[in-house]
Each structure stands twice: as structure tokens, then as C-alpha cells.
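Read through the structure below, which is laid out as C-alpha cells, and then see the notes.
Number of protein chains: 2
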Amino acid sequence: MSEPAEISPLTLSRLPLYLRCLRQLQEKGTTHVSSSQLAQQFELSASLIRKDLAQFGEFGIRGTGYRVDELVDRLNGLLGLDRIHKMAVVGMGSLGSALARYLSVNDRPFKIVAAFDVDGGRVGSKLGHLIVHHSREIPEVIPETGARIAVLAVPASAAQKCYEDLTDSGIEAVLNFAPIRLKRNPAVRTKSVDFQIYLEELAYFLRS
Amino acid sequence: MSEPAEISPLTLSRLPLYLRCLRQLQEKGTTHVSSSQLAQQFELSASLIRKDLAQFGEFGIRGTGYRVDELVDRLNGLLGLDRIHKMAVVGMGSLGSALARYLSVNDRPFKIVAAFDVDGGRVGSKLGHLIVHHSREIPEVIPETGARIAVLAVPASAAQKCYEDLTDSGIEAVLNFAPIRLKRNPAVRTKSVDFQIYLEELAYFLRS
DNA sequence: CCGTGTGAAGTCCTTCACAGCT
DNA sequence: AGCTGTGAAGGACTTCACACGG
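If you read the sequences in order, they're chains Y and W. Going left to right, the first sequence walks through residues 613 to 820 as the numbering used here numbers them. Going left to right, the second sequence walks through residues 613 to 820 as the numbering used here numbers them.
This is how it looks when you write it as C-alpha cells:
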């Protein structure tokens with residue numbers, strides 16, 4: 613059972629989820645877990661877990677379940693989380709700063725190597741031991757730092773321009789928080805997280 | 613063509629997206645748009661747009677397309693965005709504060725009516741003209757304010773407890789930002805936004 | 001003639017059910 | 001006996017293609 617050329621997007625979106633659940637189990641000291649236990653505790657589907665995992669080899673033990681540590685390692689490897697990812701953050705407003713704190717926790721593989729803003733009050737200030745650059749320096753600084761992934765947390769009006777500067781500078785993946793539909797660069801993995809849209813979706817259930 | 617009892621979750625997730633695109637068109641002064649124009653400009657599927665919209669009535673004009681203003685109004689109505697939603701925010705750390713700013717922009721129908729935290733330095737401080745309450749006051753304050761929707765932006769370790777306090781207090785929908793898999797209350801619409809997971813998903817494409 | 005609305009076809013994803021391993 | 005791995009069945013969603021209305 614060798615690894616397929618392409619993981620289906622829905623399977624891919626669940627792998628980090630499984631990882632999160634398994635990490636919670638690790639903290640509790642659980643060493644083995646079955647698909648049905650996982651399903652019950654975390655409101656997942658047992659058969660789906662098995663199908664998802666079985667795509668990448670047989671690392672379950674029939675009659676017993678999965679070894680938690682092994683599964684964590686395997687998923688970390690599959691997702692490329694077993695090494696450091698250098699990350700840039702563009703937009704150091706309240707959201708960008710908060711994201712910088714939340715996304716670069718020490719035990720996680722994402723390390724911020726560059727930060728940008730256009731606000732004179734923030735350019736030159738420090739984020740940890742990093743200096744915040746002006747966004748116009750993206751084309752020079754990104755290649756210097758070797759960042760391959762970027763978080764975009766600028767106002768909607770500036771997002772498309774920043775996005776293009778980033779992708780032109782060699783960034784390969786962007787996580788966008790600006791509330792706008794970006795015109796995407798097909799060579800760059802782009803994911804948008806839009807809080808307003810999530811709220812609007814929830815609002816539907818409050819029409820009563 | 614009357615409205616169905618249930619919208620499929622995937623259709624529902626696209627309606628706010630269409631709304632976002634349409635608002636962008638409104639700002640540019642566009643009055644009419646066809647499904648294929650929408651599809652091209654915003655990288656959507658024309659036939660899917662038509663299918664999604666047609667579920668709620670025939671408000672396209674054959675040969676012409678859709679009237680932007682009318683469609684915006686209709687979608688706003690469908691999603692329950694044509695009235696104010698009172699919202700509570702729990703967790704006034706950097707993320708909670710940033711979210712409070714981003715989600716309660718004036719032209720949006722979500723209005724923050726209560727804020728909570730456990731940190732002595734933040735309890736009692738002001739968010740606009742609102743006082744930040746201690747989280748232990750959730751059971752009293754939520755009913756007083758009439759909030760029906762809540763944003764949860766507390767550390768993972770506190771999330772489950774806060775979630776339960778909120779749902780026990782009558783909150784009907786929760787947007788969770790804590791990086792944890794919540795044990796959900798089935799009576800409450802719960803949506804989780806997990807930045808770490810999104811990054812991990814992107815990391816998969818950077819394994820090279 | 002253009003674009004919507006919509007059955008039909010096609011694709012993708014999930015659930016089922018059980019053979020086979022431990 | 002228990003649980004994984006997996007073909008087969010079932011379901012959900014999307015795309016196709018065209019009839020119909022403007």
C-alpha cells in the first residue's frame with residue numbers, strides 16, 4: 613500500500629484534526645486507541661478514520677487499535693510537520709499580532725522569520741527579536757529569510773497587492789485573513805479564513 | 613419554488629461567499645451580473661451558483677442575469693442578516709480583542725453586548741463603552757444582555773468550561789477559536805476556527 | 001440570442017458489512 | 001473475541017446540457 617499521488621482535499625483537511633485529537637490523548641497518557649474510541653470521544657466517524665489512515669499504509673493493529681505515538685509521528689511526517697517551516701506575517705495590526713503569538717508557539721513547527729506592516733508606528737518595532745519591516749520590502753526580505761509560507765492579516769483594501777508581492781517573492785503558501793475574495797495565483801496554495809463569513813453562516817440558524 | 617426545510621451545509625457555506633462577492637460588485641457600482649461573470653471574477657462555478665440560488669426562488673432574469681441589489685437583499689434575508697444579532701465575546705486576550713474589533717464593524721449586523729475574561733488586569737476594563745465582566749458572571753450576564761451568539765477566544769484549557777457555561781446560559785450559536793476539539797452541545801450551533809489546523813493543512817504542500 | 005432553472009449524468013465522498021489478522 | 005483494512009453499496013454534491021423565458 614504505497615502513498616497515492618494525491619490526497620483528497622477532504623481527507624487532507626481531516627488529518628490535522630486527527631492529529632489534534634491524538635495530541636490530546638498523548639497529554640492524558642493514552643498509549644493505544646481504536647478508531648471507535650476516537651470516534652466517540654471526538655465526534656468523528658470510525659470507518660472514515662480507518663479509510664483515511666489506511667491510504668498511507670497499515671499502521672493499525674487488528675484487535676488492538678492504533679499506537680498513539682506512532683500515529684502522531686506518522687501524521688506529522690505525512691503533513692510535513694516534522695521540520696521547521698519559516699513563516700512571514702504581513703500586517704501587524706491587532707489581528708496580525710495576535711496571530712503571530714498564536715501560530716508560533718514553541719512546540720509547533722512554524723517559525724516566524726519576517727514581519728511586515730505599512731504603519732510608521734509599527735515599522736521598526738520588535739516582534740520578539742525580529743524587526744518589523746515596511747511592506748514595500750517584501751520582495752527583498754522574503755528571499756533573504758527563506759520564508760515559504762505567509763500569513764496575510766492586512767485590511768481588505770491592501771490584501772490583493774500584498775498577496776501578489778508575496779507570491780512574486782517566492783512564497784509558496786498563503787493563509788489569508790483579509791475579508792476579501794483574493795484573485796489567486798494558481799501556483800500558490802492559498803487558504804482564506806474569513807471570520808465574518810463564519811458568523812454569517814451561524815446567523816442563519818438564529819433567524820427564528 | 614418554496615424554500616426547503618433544510619439547506620445543505622455546503623450550499624449554506626457558499627451563500628455568505630456570494631454575498632461577499634456581490635458586495636464587492638456593489639462597491640464598484642455594478643447593478644447586474646450573470647452567474648458566469650460571477651464565476652469568472654471570483655473563481656466560482658456558474659452552474660453551482662445557479663443551483664444554489666434557485667433553491668430559494670427564481671430571482672434571476674433569463675437573458676440578463678441577476679440584479680445585484682436584489683440578490684444582496686435576498687441573501688441577507690435568507691441568512692438572517694437583516695437584523696441585529698447580539699453577540700458575546702469570551703476571552704479578551706490579544707486574539708479576543710482583535711476579533712471584537714473585526715467582527716463588530718459598524719455596517720455589520722453583529723453587535724457586541726457583553727465581554728468576559730478571567731484576568732484581573734482586564735476585568736473591569738472597557739471595550740468601547742462596555743465593561744469586561746469576569747467569566748464567572750456568564751450565567752447572569754448573558755441572559756440579561758439577550759446575547760444569542762458567542763465568540764470563544766480563551767486558551768484551550770479553559771475552552772470546554774466556558775463553552776458549557778455559555779450554552780447553559782442560553783447561547784444558541786458559538787464560534788470557537790480555541791485550539792481544541794470541543795465536546796459539543798447538540799442543541800447549539802457550534803463552529804470551530806482553528807488556525808493551527810489550517811497551517812498544518814498548508815504545510816502538506818511544502819513537504820518537497 | 002443570452003442566461004436562468006433544472007433533470008440527468010457523473011464524480012466524489014461516506015457508510016456499510018465483513019474477511020482477515022492479532 | 002476485537003478491530004483493522006477494504007470492496008461494495010449508498011448518498012451527497014457538482015457538472016453537464018438543454019428546454020424555456022426574456
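Ideal Cβ positions, reconstructed from N, Cα and C, are used throughout, including at glycine.
- Close to chain Y, meaning a Cβ-Cβ distance shorter than 7 Å, are the following residues of the stretch 758–782 of chain W: R760, I761.
- For K640 (chain W), the enclosing alpha helix (DSSP H) has its first and last residue at 621–640.
- When rounded, the separation of the alpha-carbon atoms in L656 (chain Y) and L637 (chain Y) is 15 Å.
- Only exposed fits G740 (chain W), as fewer than 16 other CB atoms lie within 10 angstroms of its CB.
- Under the Cβ criterion (8 Å, minimum of three pairs), the stretch 699–712 of chain W counts as touching the stretch 759–776 of chain W.
- Of the candidates W:R720, W:E776, W:R793, W:A727, W:A727 places its Cα closest to the Cα of G758 (chain W).
- Distance from H745 (chain W) to V735 (chain W) at the Cβ level is roughly 7 Å; contact confirmed, criterion being Cβ atoms closer than 8 Å.
- P628 (chain Y) reaches chain W at I809, E812, E813, counting residues in chain order whose Cβ is nearer than 7 Å.
- In the assembly as shown, S659 (chain W) is an exposed residue. Its beta-carbon has fewer than 16 other beta-carbons within 10 Å.
- Residues S657, A658, I661 of the same chain have their beta carbon placed closer than 7 Å to that of A651 (chain W), with the five preceding and five following residues left out of the count.
- DSSP lists Y:A700 as the bridge partner or partners of A726 (chain Y).
- The alpha-carbon of P791 (chain W) is positioned some 21 Å away from that of R686 (chain Y).
- When the five nearest sequence neighbours on each side are left out, the beta carbons in the same chain lying within less than 7 Å of the beta carbon of V753 (chain W) are those of A726, H745, in order along the chain.
- By the Cβ test, the stretch 701–714 of chain Y is in contact with the stretch 708–718 of chain W, since at least three Cβ pairs between them sit closer than 8 Å.
- For the stretch 705–716 of chain Y, the set of positions with a beta-carbon nearer than 7 Å to some beta-carbon of chain W reads S706, L707, S709, A710, L711, R713, Y714, L715 in chain order.
- Judged by DSSP in its simplified three-state form, R796 (chain W) adopts coil rather than helix or strand.
- Going by beta carbons, R819 (chain W) and F817 (chain Y) fall outside the 9 Å limit.
- Checking the DSSP bridge columns, you'll see Y678 (chain W) partnered with W:V645, W:G672.
- In the DSSP assignment, S804 (chain W) is bridged to W:N788.
- One thing to note: L631 (chain W) has its Cβ no nearer than 9 Å to the Cβ of E749 (chain Y).
- The Cβ of R796 (chain Y) sits closer than 9 Å to at least one Cβ of chain W.
- In the DSSP assignment, the residues bridged to H745 (chain Y) are Y:F728.
- For the pair L787 (chain W) and F807 (chain Y), the CB atoms are nearer than the 9 Å cut-off.
- Excluding the 5 residues flanking it on each side, V684 (chain Y) has same chain C-beta neighbours closer than 6 Å at L634, in chain order.
- Secondary structure note for A765 (chain Y): it is in no beta strand (DSSP E), with a DSSP letter that is neither H nor E.
- In the structure shown, the three-state DSSP call for L739 (chain Y) is strand.
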